[in-house]
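First comes the structure, then the notes that go with it.
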Amino acid sequence: MSLPESEYMSPTWRDGLFNNRVVFVTGGAGTICSAQTRALVRLGADACIIGRNVEKTEKAAKDIATARAGARVIGIGGCDVRNFQSVADAVERCVKELGAIDFVIAGAAGNFVVPLSGMSPNAFKSVIDIDVLGTFNTVKATLPHLVTSAEKNPHAKAEGRTGGRILAVSATFHYTGMPLQAHVAAAKAGVDSLMTSVALEYGPRGVTSNVIAPGPIANTEGMARLSNAEAEIGSRVPGGRLGAVRDISDATVYLFSDAGSYVNGHVLVVDGASWRMGGANGPGVDSTMQYPNYLFTGEISKGLAGGKKSKSKL
Ligand code: HXC
-19 MSLPESEYMS PTWRDGLFNN RVVFVTGGAG TICSAQTRAL VRLGADACII
31 GRNVEKTEKA AKDIATARAG ARVIGIGGCD VRNFQSVADA VERCVKELGA
81 IDFVIAGAAG NFVVPLSGMS PNAFKSVIDI DVLGTFNTVK ATLPHLVTSA
131 EKNPHAKAEG RTGGRILAVS ATFHYTGMPL QAHVAAAKAG VDSLMTSVAL
181 EYGPRGVTSN VIAPGPIANT EGMARLSNAE AEIGSRVPGG RLGAVRDISD
231 ATVYLFSDAG SYVNGHVLVV DGASWRMGGA NGPGVDSTMQ YPNYLFTGEI
281 SKGLAGGKKS KSKL
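Written out as structure tokens, the structure reads:
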């Protein structure tokens, strides 16, 4: 679905900021990552988005391409970030068809609401594999291209365009701990840590590596998986509202722009100060549910996307 520009990007940015640059995005057909990609494309970049679902990924690529006349956006479906070769093949195709990789967004993630008591080892492993191993595979497959891009785009070139930047999309759950999200919190802690290692090992080669940690963002797949009480959650955010996808796109443009050149190894929380309110009434919890009672009854919000139909094998 095409989005009006005001929904995926603020009017802050200058046209052509990312001209002749290429962004590679995992999970790029998802609601948050497609908005990030759309903003970069609107500002001049070409893009390659990858995802597991072929139809969804190709459709999203076509749609994102409408953000700018002449934009080249490739959608590579059937690509699972848990499989290194799958990511490496997509990277190779991206470079062959678009000429380079200047920016990377590691956005592929897995989530569902479940207490530890109902979480099988394979359920835990699935999320760790998608988030942590998937981010590692993305880092590993793209870094050589990011180093090349950083060499071509040393800081403070006259026209102010950049290259050699990577960011991962994380979460804030591990700051406080979060019931029903043990797998995701552990995974996102791993993602944050990995991105710091990239900053330390590749900063000297001109690459920046950062994390964006979104809070609750309206009308996203993540929200549909975590809560059916959007309005209520929004009213509890110190910022007075739920986030919008453009809040995350704007943070992305900042980090990839010349304005973000000295920001490296950072976690940029974009959540209206939501995480500072604490974690026990977060994902999977309705207003009628009280901590810790729902842990004893096994109750979680009804009708969440990704909810398990059958009982755990445990
Ligand atoms: C308990 C569950 C479960 C559930 C799956 N499993 N859903 N366990 N409760 N609701 C278990 C399965 O039973 C299985 O374990 C194991 O997890 C793997 O499930 P599969 O379906 O075989 O795996 P797979 O097809 O690889 O799917 C991965 C997935 C799925 C993570 C389980 O939900 C998925 O594809 N998600 C991708 C999209 C996604 O989640 N996007 C959310 C992004 S939002 P057993 O033991 O039975 O074999 C996001 C927000 C972060 O990340 C926070 C932002 C603020």
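So for the sequence shown, my numbering puts the first residue at -19; every next one is plus one. Built from N, CA and C at the ideal position, the CB exists for glycine as well. Predicted, not measured: the structure shown is a model, and the values here were computed from it.
Proximity to residue i [Cα-Cα], best of the options
i	options	result
G220	V21, D251, I192 and P263	D251
T176	S(-18), A166, K168 and N190	N190
D43	D69, Q65, D60 and T11	T11
V61	G24, G183 and G90	G90
V2	F236, G262 and G283	F236
N133	L78, P272, R185 and G195	R185
V127	T232, F276 and A80	A80
T188	A239, L20 and K288	A239
I280	G264, A19, T268 and G50	G264
A68	P101, L174, A25 and V5	V5
A9	E77, S(-10) and G87	G87
E201	R216, G287 and T277	G287
P101	N33, A70, A162 and G114	A162
V34	N0, D26, A70 and T17	A70
E77	S66, P95, G55 and S97	G55
H125	V249, I30, G144 and D172	G144
T17	S106, A49 and V53	V53
S(-14)	R22, G7, N0 and N(-1)	R22
D(-5)	K36, S(-18) and G24	G24
First and last residue of the uninterrupted alpha helix (DSSP H) at residue i
i	result
L222	First-last for L222: undefined, no H or E at that position.
N273	N273 to T277
F64	F64 to L78
V265	Unbroken run through V265: none, as it is neither H nor E.
V21	T11 to R22
Y(-12)	E(-15) to Y(-12)
L96	Element bounds for L96: n/a, residue is neither H nor E.
G202	E201 to L206
Boundaries (first-last residue) of the beta strand (DSSP E) holding residue i
i	result
C28	D26 to I30
S189	T188 to P194
G55	V53 to I56
A86	F83 to A86
L(-3)	No beta strand (DSSP E) holds L(-3); DSSP gives it neither H nor E.
G37	Reading the sequence as shown, one finds Thr at residue 37 and not Gly. Run containing T37: none in the beta strand (DSSP E); it sits in the alpha helix (DSSP H), V34 to A45.
L359	The question about residue 359 has no answer, for the chain in this structure spans -19 to 294.
Presumed contact (8 Å Cβ cut-off) between residue i and residue j, rounded CB distance
i	j	result
F153	A165	4 Å
I85	L147	6 Å
G57	E38	6 Å
F64	K120	7 Å
S14	A47	S14 to A47, Cβ: 10 Å. No contact.
P159	A260	6 Å
S150	A193	5 Å
N199	G283	Rounded, the Cβ-Cβ distance is 16 Å, inconsistent with contact.
R141	Y(-12)	Actually they are not in contact, since the Cβ atoms of R141 and Y(-12) sit about 21 Å apart, beyond 8 Å.
Beta-carbon proximity check, residue i vs residue j, cutoff 8 Å
i	j	result
A179	N244	yes
V93	L275	no
C28	C59	no
D109	G170	no
S241	A19	no
E210	L222	yes
V233	W(-7)	yes
I197	A231	no
P95	G278	yes
Legend entry - Minimum length 4: unbroken alpha helix (DSSP H) runs contained in the stretch 108 to 181: 114 to 132 and 153 to 156
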